[in-house]
Amino acid sequence: NVPAMTLAEMYAKAEKIAKAWQADAVPARLTNTSMGPLDEKGKSEAWNLMFYSKSTNSNVTIQTFRGMFTCYAQPGEAGRIPALKPDFFRDSAKLYAIAKEKGGNYLAQGYVVSVGTAAAPNTNHATWNIQYSKPDGASAPRLVLVDANTGAVEKVID
Numbered sequence: 008n009v010p011a012m013t014l015a016e017m018y019a020k021a022e023k024i025a026k027a028w029q030a031d032a033v034p035a036r037l038t039n040t041s042m043g044p045l046d047e048k049g050k051s052e053a054w055n056l057m058f059y060s061k062s063t064n065s066n067v068t069i070q071t072f073r074g075m076f077t078c079y080a081q082p083g084e085a086g087r088i089p090a091l092k093p094d095f096f097r098d099s100a101k102l103y104a105i106a107k108e109k110g111g112n113y114l115a116q117g118y119v120v121s122v123g124t125a126a127a128p129n130t131n132h133a134t135w136n137i138q139y140s141k142p143d144g145a146s147a148p149r150l151v152l153v154d155a156n157t158g159a160v161e162k163v164i165d
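First residue of the sequence shown? That's 8 in the working numbering, and the numbers climb one at a time after it.
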C-alpha cells in the first residue's frame, strides 16, 4: 500500500526504477492527476511519471494511484522532452503554495490543483503547468506557468 507522496519522494523512487530499466532514461513527463489532487503539503495519491530512453527509443511510465504502485514500459517516442536540469525544481508544497497564491479564488470554489511538466516548442524550455479542476471534470480558465528548473513564476494565463 503506497501512501500519498510529495513530488520529490515520488521522483526519487521513480528515477531509481527508470535508471535500472535503462541507464539513459530521462524524465519526459511528470504529473499528478485530478484523481489525486495536490494537497497543501505537496502530496498526491496519483502521480504519473514517464521516462524516455533514446538508446532504445522506448519509455517507461511509473505511477501511483490509490495505494497502488505500477510500472510499465513500451516502445516509442515520449513526445517533447522538457529540458530539465538534474537538480530541477521538485518542491510540490511550494508548487501548491504558488497555486494558492495565483488561484486561491478557484480553490475557494472547490477546484483542486494538478501540476505537470511541459516542454516549449523549439526550445524544450521546461515549465510546471499548474491547473485547477473540479471532480466533475470542469476546469478553471487559469493556467500558471512556473520555470521547472528554478521554481520562478513565469506567467499567469486566463
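Each residue gets a CB set at the ideal place from its N, CA and C atoms; glycine is no exception.
ask   = Per DSSP, which one or two residues make a beta bridge with Pro82?
value = In DSSP, Pro82 forms a bridge with Ser65.
inquiry  = Excluding the 5 residues flanking Gly83 on each side, which residues of the same chain have their C-beta closer than 8 Å to its C-beta?
reply    = Asn64, Ser65, Asn66
task = Give the C-beta separation of Thr134 and Ala155 to the nearest angstrom, bearing in mind that I take them to be a contact with Cβ-Cβ under 8 Å.
result = 5 Å
key: Where the beta strand (DSSP E) containing Ala133 begins and where it ends   = 133-140
query = In the structure shown, what three-state DSSP assignment does Tyr176 receive?
reply = Here the chain comprises residues numbered 8 to 165, so residue 176 is not present and cannot be evaluated.
task = Would you kindly work out how many angstroms separate the C-alpha atoms of Ala147 and Val122, rounded to a whole number?
result = Their Cα atoms are separated by approximately 14 Å.
key: Three-state secondary structure assigned by DSSP to Gly117   = coil
query = Between the stretch 37-46 and the stretch 114-132, do at least 3 Cβ pairs fall closer than 8 Å?
reply = With a cut-off of 8 Å, the stretch 114-132 and the stretch 37-46 count as touching, because enough Cβ pairs lie within range.
query = With contact counted as at least three CB pairs below 8 Å, one residue from each stretch, are the stretch 150-165 and the stretch 69-76 in contact?
reply = no
request  = Would you kindly report the start and end of the unbroken beta strand (DSSP E) that includes Arg149?
outcome  = 146-154
inquiry  = Can you tell me whether Asp165 sits near the ligand ATP, meaning its C-beta is under 7 Å from at least one heavy atom of the ligand?
reply    = The ligand ATP is absent from the structure shown, which contains no ligand whatsoever.
Three-state class that DSSP yields for Lys109 in the structure shown = helix
query = Does the beta-carbon of Ala145 have 16 or more other beta-carbons within 10 angstroms, so that it is buried, or is it exposed?
reply = exposed
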